[in-house]
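A quick write-up on the structure given underneath.
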Amino acid sequence: MTLKTEVIFSKKKTSIRSIDHSLEIQIKQTKSLPKKLSDKAIYLVFNERKLQFIGTVQKITSLDQPIFTQFVELNFDVDTDLIYMERLLVNHALETGVLLVDSEEITVPENITNQLNELKTNTLLILDSMGYSFKKEETKKGKPGKARHKWTKEVSEKEFYIDTRGSKACVMWIKRNQMLIKKGATMMKEAPLNKDGSVGFSAKMGDKIRTDHKDQFENFTTTEDIILKSVNEVGLFLYFAGTNSWLEMIDDEGKTLNAWTVAE
């Protein structure tokens, strides 16, 4: 695939624009949010080139002191609602295994998906070429970093059990973008700090999800069924991640959710 662009480099910012002006990307080397943000853009947060967050100005400004080293602004010349492009990018990130706090669930109509698909592909191509990939970081042990998981009706009817990091729960993958945590799940009480004593990104994201569902648990035990958007969100909510949650969800026969759903 060939894509022609115009690129302008400066000390702390790189601007990339497609020749047809349908797409403009600004990559800034910064650890703080810019003072001026547009309500017509989608923002991506990277920490050491690892994707952490995707969202609009309203969502990124609601984060509690996000930690990042690169800040990316995406501007699109399209007639469709910006939230659809945001959702397509979020879906792509989640499907590649990126630990990402999901935005509100939005179903993108097929005709809009078809309309935006080329623009999404061009965006990912440019970002990947600049070293900003949506792929999950590979572990030092060389484990595959590109695992994809497929939802099926059979899987949606099975219960999986979690017993890790001070948390116990029964969960179900009921829909492609819906994970059910059954009432009575116990949660890790406090997130571990980084080695330097700072609060990590996973801890902050886990706290944010807990705040969003604060009326659904008491004394770190869920008081009703809770629906989240992904396996990653379940891990963040229950035990602040820190492990591969696909391997921590195990059915009554000892088979993991990963084994049930991983695509070869």
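full-length UniProt numbering applies: residue 1 is where the sequence shown begins, and numbers increase by one.
Positions of the beta carbon are idealized from the N, C-alpha and C atoms, including for glycine.
Owing to the predicted nature of the structure, the values given are computational and were not obtained by experimental measurement.
If you reduce the DSSP assignment to three classes, tell me which class residue i lands in.
{"i": "Trp-151", "result": "coil"}
{"i": "Met-179", "result": "strand"}
{"i": "Phe-9", "result": "strand"}
{"i": "Glu-86", "result": "helix"}
{"i": "Asp-163", "result": "strand"}
{"i": "residue 306", "result": "For the chain, the structure presents residues 1 to 264; residue 306 sits outside this window and is missing."}
Going by C-alpha distance, which of the options is nearest residue i?
{"i": "Gly-55", "options": "Lys-204, Tyr-84 and Ser-32", "result": "Tyr-84"}
{"i": "Glu-6", "options": "Ile-126, Ala-41 and Gln-178", "result": "Ile-126"}
{"i": "Phe-220", "options": "Ala-169, Ile-25, Leu-119 and Lys-158", "result": "Ala-169"}
{"i": "Met-205", "options": "Ser-62, Lys-11, Leu-119 and Thr-113", "result": "Ser-62"}
{"i": "Lys-150", "options": "Ser-22, Ser-230 and Tyr-132", "result": "Ser-230"}
{"i": "Ile-174", "options": "Ser-198, Ile-226 and Thr-186", "result": "Ile-226"}
{"i": "Gly-200", "options": "Leu-23, Ser-22 and Pro-66", "result": "Pro-66"}
Between residue i and chain D, is the shortest Cβ-Cβ distance under 7 Å, so that the two count as touching?
{"i": "Ser-156", "result": "Absence of chain D from the displayed structure is noted, only one protein chain being present."}
How should residue i be labelled, buried or exposed, when 16 other C-beta atoms within 10 angstroms of its C-beta is the threshold for buried?
{"i": "Lys-36", "result": "exposed"}
{"i": "Asn-194", "result": "exposed"}
{"i": "Thr-30", "result": "exposed"}
{"i": "Thr-243", "result": "exposed"}
{"i": "Arg-87", "result": "buried"}
{"i": "Glu-73", "result": "buried"}
{"i": "Leu-247", "result": "exposed"}
{"i": "Gly-235", "result": "buried"}
Could you check the C-alpha separation between residue i and residue j for me, to the nearest Å?
{"i": "Gly-97", "j": "Ile-209", "result": "19 Å"}
{"i": "Gln-58", "j": "Glu-253", "result": "44 Å"}
{"i": "Ser-32", "j": "Phe-68", "result": "8 Å"}
{"i": "Ser-15", "j": "Gln-70", "result": "13 Å"}
{"i": "Ser-202", "j": "Phe-240", "result": "6 Å"}
{"i": "Phe-134", "j": "Lys-214", "result": "30 Å"}
{"i": "Gln-115", "j": "Val-78", "result": "9 Å"}
{"i": "Lys-40", "j": "Asn-75", "result": "7 Å"}
{"i": "Ser-18", "j": "Thr-123", "result": "10 Å"}
**Prompt:** Are the segment 36 to 48 and the segment 183 to 193 in contact at 8 Å, needing three or more beta carbon pairs?
**Reply:** Contact between the segment 36 to 48 and the segment 183 to 193 is absent, with fewer than three C-beta pairs closer than 8 Å.
**Message:** Does the contact criterion of 3 or more C-beta pairs under 8 Å hold for the segment 254 to 261 versus the segment 147 to 165?
**Reply:** These segments touch.
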